Amino acid sequence: MQDLGGKPVIVRTYEATKATKLFDEVYVVTDSDIIFNEIELNGGKAIMSKKEHDCGSDRIAEAVEHMDVDIIVNVQGDEPFTSKLGLEQVLAVFNGADADKIDLASLMTEIYDWKEISDPNAVKVVVDKNNFAQYFSRSPIPYPRDKNVSVQYYKHKGIYAFRKEALMDFHKLPMRALEAAEKIECIRYLEYGKNIKMAINNNEGIEIDTPEDLIRANRALKESSTTAVNNKYRNFPMVPKVIFGQGSFDQLPSILADKRKEQAPFIYLVDDVFKKNEAFLDKLTLRFNDKLLFVSTLEEPKTEQVDTIVKNIKNEFTYLPSGIIGIGGGSVLDLAKAVSLLLTNKGSAADYQGWDLLSNKGVYHVGIPTISGTGAEVSRTAILTGPEKKLGLNSDFTPYDQVVLDPDLTQGVPKNQWFFTGMDCFIHCVESLNGTFLNAFSESYGEKAYDLCKEIFLTENLSDAESRAKLMMASWHGGMSIAYSQVGVAHAMSYGLSYVLGTKHGVGNCIVFDHLHEYYPKDVALFKEMVKMHNITIPQNVCSNLTEDQMETMIDIALSLVPLWENALGDDWENIMTRDKLKELYLKM
Ligand code: NAD
Ligand code: ZN
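Counting from 3, one number per residue, gives the positions in the sequence shown under the working numbering.
Written out as structure tokens, the structure reads:
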């Protein structure tokens with residue numbers, strides 16, 4: 003009944019569970035009149051149980067005894083931050099291949115800190131190779147006699163999903179000594195030979211067991227309401243180390259030297275355009291078991307591709323890599339960030355497309371751009387195409403730990419590609435500078451990059467080397483500018499093109515921007531001048547042969563990018579950018 007952000011904890015837990023829409027029914031089972039009344043008064047459903055029960059499972063067993071149900075999930079009343087993902091995971095266990103062997107399912111979290119591993123308040127669990135629980139304990143299990151064997155420790159999380167028979171059985175079985183000694187209720191199942199399947203969930207929600215937890219929870223609630231996507235204040239990370247200048251790439255071995263962990267390789271992900279470039283390959287000094295992987299950029303990076311690379315690395319090496327080094331354009335830079343993150347976060351990259359979904363820091367990662375414009379070298383996102391959407395892994399863990407900016411590396415870029423990727427930078431600036439999220443921070447970076455772009459693409463007084471160095475810095479500043487604001491109309495629409503037609507980001511932006519005089523009149527005119535000056539052909543009529551379904555998907559993808567529209571058109575964007583309006587624009591392109 004304690005207050006959590008204006009509502010009792012139990013009401014918050016009830017509402018959060020209901021809001022997942024995963025259950026046919028949600029009840030609070032309680033022996034307290036006060037809790038019962040509170041839930042009913044708030045329009046919820048509660049069930050009174052008798053007072054004396056040894057544990058929550060017994061209480062729930064009493065409540066469901068005469069209900070016609072197959073699976074019952076026990077969410078503890080003091081877990082208001084229970085995530086939908088976690089609940090989906092315990093339910094999914096009953097659809098797996100070994101479902102008929104499973105009596106109940108529960109969750110566990112990877113833990114690394116010895117303080118937590120040895121804390122008796124954190125219940126540890128060991129599992130077999132199929133994630134069936136073998137034992138739960140308040141002691142550290144296993145005992146790390148050989149410190150060189152790397153084992154994963156798991157902490158048990160108090161969410162259970164039962165088959166009804168298993169729950170009813172439990173109710174009747176007397177407590178045995180192991181459970182009594184550890185005071186851990188699920189040990190009773192193991193003592194009676196039941197099978198508990200564990201799913202891994204690394205989303206750390208706060209559990210409220212003590213008054214201090216409640217204070218932390220109230221604080222977290224306040225913070226989460228101010229870290230929304232387009233909040234007023236952002237506390238975002240920046241690349242902590244960057245080296246710049248012609249020839250700076252040669253410094254890489256000395257930069258990496260003290261990051262190397264014994265036996266753990268560095269993995270280089272390199273654009274395959276460098277496959278035959280001897281001069282470049284000579285400079286890559288691979289040591290010990292370091293590995294070089296060439297990446298094709300025929301298509302932009304996909305979640306699946308990230309998953310495969312991560313799986314292969316994990317299969318080949320016993321130890322997590324010392325570092326991931328991405329060398330290439332936006333495609334490879336984003337891929338390398340994603341690989342670094344997925345090495346330490348379980349599941350598929352597709353699970354993390356969105357804002358702040360990753361829970362663990364990635365492996366040390368270094369970004370080395372070989373073409374300028376995307377700003378992927380500074381940004382807080384790694385854009386991927388997944389099974390359902392094209393969206394980045396946006397998180398504080400995403401930015402590179404180290405960036406090497408050597409303008410010499412961009413020497414071989416073909417002219418068209420130079421233009422398209424360069425225009426990504428120009429369009430980042432235009433969208434940031436004309437957006438409603440703009441503030442002095444974004445503006446200062448945006449204006450600098452915008453001026454550099456005009457100098458590079460509209461004057462003839464720069465040498466090649468100067469132009470390459472300046473574009474590299476424009477890319478960086480353009481990326482910094484959108485860190486505190488957002489992109490806009492061209493990017494939202496370009497994502498739609500790219501999802502449905504596979505159009506590359508840079509070209510897609512140009513195809514779209516060419517027709518956006520209604521939104522960015524002055525800058526579309528400048529853009530057309532640049533196109534003319536460099537004799538670039540922008541593809542036309544790319545949407546003329548779309549099926550109705552493709553057009554609808556394209557519109558869905560574009561409209562799903564809410565923060566981009568809010569930035570471009572303000573709070574009222576939905577009335578301005580209707581489906582019809584988007585279709586009309588797409589048909590012009
Ligand atoms: P890219 O990485 O796909 O590279 C474009 C082409 O240039 C490729 O064919 C590549 O082989 C070639 N290339 C790169 N360096 C070269 C060199 N030195 N010499 C010769 N050829 C070279 O394209 P891009 O425009 O840099 O990046 C696009 C990607 O970046 C997209 O996937 C997009 O989603 C992403 N992006 C990410 C962010 C971010 O903040 N993370 C921002 C914008 C775009
Ligand atoms: Zn872009």
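In this text, a Cβ means the ideal position worked out from N, Cα and C, and glycines have one as well. The structure displayed is predicted, hence computed values, not measured ones.
- The C-beta of tyrosine 145 has fewer than 16 other C-beta atoms within 10 Å across all chains shown, which makes the residue exposed.
- Restricted to the stretch 266–328, the alpha helix (DSSP H) segments that are unbroken, complete and at least 4 residues in length are 280–285 and 305–318, listed in chain order.
- Remark: C-beta atoms of serine 434 and leucine 440 approach each other more closely than 8 Å.
- When rounded, the separation of the alpha-carbon atoms in glutamate 568 and tyrosine 235 is 16 Å.
- Distances taken from the Cβ of asparagine 436 to the heavy atoms of the ligand ZN include none shorter than 7 Å.
- Judged by their CB atoms, aspartate 33 and serine 59 are not nearer to each other than the 8 Å cut-off.
- Distance from the CA of aspartate 551 to the CA of serine 496, rounded to the nearest whole angstrom, comes to 17 Å.
- Set against 7 Å, the gap from the CB of histidine 493 to the closest heavy atom of the ligand ZN is smaller.
- Annotation: the stretch 410–494 contains no complete segment of the beta strand (DSSP E) (minimum length 3 residues).
- For phenylalanine 164, the uninterrupted beta strand (DSSP E) run begins and ends at 155–165, by DSSP.
- In the three-state reduction of the DSSP assignment, leucine 360 falls in the coil class.
- Every alpha helix (DSSP H) of 4 residues or more that sits fully in the stretch 15–63 is shown, in chain order, as 35–43.
- Each of Ala163, Val151 and Leu464 was checked against the Cα of alanine 94, and the nearest Cα belongs to Ala163.
- Inclusion of alanine 48 and valine 30 in the CB contact set at 8 Å is warranted, their separation being smaller than that value.
- Here the alpha carbon of arginine 581 sits roughly 7 Å from the alpha carbon of isoleucine 557.
- With a cutoff of 8 Å on beta-carbon distance, valine 11 and proline 122 are scored as not near each other.
- Here phenylalanine 138 carries a strand assignment [DSSP, helix/strand/coil].
- Per DSSP, lysine 585 is one residue of the alpha helix (DSSP H) stretching across 581–590.
- In this structure, the beta-carbon distance from threonine 376 to glycine 332 falls below 8 Å.
- Taking all protein chains in view, the Cβ of methionine 240 is surrounded by fewer than 16 other Cβ atoms within 10 Å, so the residue is classified as exposed.
- With respect to the 8 Å criterion, isoleucine 458 and lysine 472 are classified as neighbours on the basis of their beta carbons.
- Asparagine 577: member of the alpha helix (DSSP H) spanning 575–578, first to last residue.
- Bounds of the beta strand (DSSP E) holding methionine 200 are 198–202.
- Cβ atoms of isoleucine 513 and proline 541 come within 8 Å of each other, at about 6 Å.
- Take glycine 572, set aside five residues on each side of it, and the residues of its chain with a beta-carbon closer than 6 Å to its own are Thr438, in chain order.
- Between valine 312 and valine 275, the beta carbon gap of about 23 Å keeps them out of contact (Cβ cut-off 8 Å).
- For lysine 534, the secondary structure class from DSSP, reduced to helix, strand or coil, is helix.
- Secondary structure note for glutamate 520: it is in no beta strand (DSSP E), with a DSSP letter that is neither H nor E.
- Spatial neighbours of glycine 325 in its own chain (CB-CB distance under 7 Å, excluding positions within 5 residues in sequence) are listed in chain order as Leu258, Lys261, Phe268, Val365, Tyr366, His367 and Val368.
- In this structure, threonine 376 has its CB closer than 7 Å to one or more heavy atoms of the ligand NAD.
- For proline 565, the uninterrupted alpha helix (DSSP H) segment begins and ends at 564–571.
- Contact between the stretch 165–178 and the stretch 105–115 is present: three or more C-beta pairs spanning the two stretches fall below 8 Å.
- Excluding the 5 residues flanking it on each side, lysine 391 has same chain C-beta neighbours closer than 8 Å at Gln355, Tyr501, Ile559 and Ser562, in chain order.
- By the CB criterion at 8 Å, aspartate 426 and asparagine 511 fall inside the cutoff.
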